[in-house]
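Sequential numbering of the sequence shown, starting at 7, is according to my numbering.
Following: one structure in structure tokens, then a few remarks.
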Amino acid sequence: MKVWISMTEQVYAALQRATSQLEEKGLDTHAAKLLMEHITQKTSASLLADLREPLTSEQQQAFWDAMRELLTGKPVQYIIGSEQFYGYTFKVDDNVLIPRPETEELVYNALQRGRKLFPQQSIRVADIGTGSGAIAISFKKEWPESSVTATDISEGAIAVAKQNAVDNDADIDFRLGDLTDPIVGQKWDMVLSNPPYIAHNEAKQMADTVLDHEPHGALFADEDGLFFYRQLAETLPPLMNCPALIGVEIGYLQGEAVHQLFQTAFPKAVIEIVKDINGKDRMIFCKIGE
Numbered sequence: 007m008k009v010w011i012s013m014t015e016q017v018y019a020a021l022q023r024a025t026s027q028l029e030e031k032g033l034d035t036h037a038a039k040l041l042m043e044h045i046t047q048k049t050s051a052s053l054l055a056d057l058r059e060p061l062t063s064e065q066q067q068a069f070w071d072a073m074r075e076l077l078t079g080k081p082v083q084y085i086i087g088s089e090q091f092y093g094y095t096f097k098v099d100d101n102v103l104i105p106r107p108e109t110e111e112l113v114y115n116a117l118q119r120g121r122k123l124f125p126q127q128s129i130r131v132a133d134i135g136t137g138s139g140a141i142a143i144s145f146k147k148e149w150p151e152s153s154v155t156a157t158d159i160s161e162g163a164i165a166v167a168k169q170n171a172v173d174n175d176a177d178i179d180f181r182l183g184d185l186t187d188p189i190v191g192q193k194w195d196m197v198l199s200n201p202p203y204i205a206h207n208e209a210k211q212m213a214d215t216v217l218d219h220e221p222h223g224a225l226f227a228d229e230d231g232l233f234f235y236r237q238l239a240e241t242l243p244p245l246m247n248c249p250a251l252i253g254v255e256i257g258y259l260q261g262e263a264v265h266q267l268f269q270t271a272f273p274k275a276v277i278e279i280v281k282d283i284n285g286k287d288r289m290i291f292c293k294i295g296e
């Protein structure tokens, strides 16, 4: 797509034109602002204050080159190479899912419940299927005394997560392998996971920006999206301390099914379905012992 570039264009005019082009294609118009913040290296507040500021020729070229990618449906986070999560900046590329706000709620709730369950400061935590490392690194930053291990089956994802740990100064033990395989032989106080949970037949309802660009292995699961929960429920019992806490993100229609899987695996545990900020079932917490 050819994009006309003016000799001198103000931030405001460029944003207006970019927003209009995104709107025409039914794409997220907020992405233009995120792109402009990245190109100009301004915060949201300073960009708002400098809307009448002219862009340099280099900034114009960079902005409209990136807009061409954006107009193909590529997520803005992949174009700028990062996303904010729990107040931290994470590198993202097509090896990993873009961290979502709903997953921030998993971290928040795990921290809240963990502090109550474990009055001691030092606990052993595993993040299964870490992707970008968002859960593991955010947890470690918020609970520095914890010992955090993160696993993923994807070498590409582990490489991204390791870089994010370095960038955020977080000491994480990364292990390559499938689900709980890398953590067998040890006991854990807390296990967290945001596994793939979208049923294959739901693909037709998803946005092209997600389907065409984000890794399908991190999105879809067999058994109507329940495969990985079943695997976790079957393999975690011998790996957990007592007391212990398991927290997983779920699809909003999967609460009862995942609840049953973990109740069967841990008959004496307290299983809780927790809603997200939008009132949808989004997390399962399994509290083992006291």
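Even for Gly, the Cβ is constructed at its ideal location relative to N, Cα and C.
Asked: Applying the criterion that 16 or more other CB atoms from any shown protein chain within 10 Å of the CB defines a buried residue, is residue 258 buried or exposed?; Found: exposed
Asked: Leaving out five residues before and five after residue 142 in sequence, what residues of the same chain have Cβ atoms less than 6 Å from its Cβ?; Found: 133, 136, 154, 156 and 178
Asked: Can you tell me where the beta strand (DSSP E) with residue 356 in it begins and where it stops?; Found: A query on residue 356 cannot be resolved here, the shown segment of the chain reaching from 7 to 296 and no further.
Asked: If you count every other CB in all the chains shown that lies within 10 Å of the CB of residue 9, and 16 or more means buried, which is it?; Found: At residue 9, the pLDDT of 47 sits below 50, so the modelled position is not reliable; the number obtained from the coordinates is stated separately. Answer is exposed; the Cβ neighbour count stays below 16.
Asked: Could you spell out where the beta strand (DSSP E) holding residue 175 opens and where it closes?; Found: Careful: residue 175 lies outside any beta strand (DSSP E) and carries neither H nor E.
Asked: Apart from the five residues just before and just after residue 116, which ones in its own chain have a Cβ nearer than 6 Å to its Cβ?; Found: 198 and 253
Asked: Just to confirm, is the Cβ distance from residue 290 to residue 264 under 8 Å?; Found: yes
Asked: Mind listing, in chain order, the continuous alpha helix (DSSP H) runs of no fewer than 4 residues lying wholly within the stretch 79-107?; Found: 82-86
Asked: Given a threshold of 16 other Cβ atoms within 10 Å of its Cβ, counted over all protein chains shown, does residue 186 qualify as buried or as exposed?; Found: buried
Asked: Would you be able to state if there are at least three C-beta pairs under 8 Å between the stretch 38-48 and the stretch 63-75?; Found: yes
Asked: Express the C-alpha separation of residue 72 and residue 25 in angstroms, rounding to a whole number.; Found: 13 Å
Asked: Assuming residue 277 is part of the beta strand (DSSP E), what are its boundary residues?; Found: 276-281
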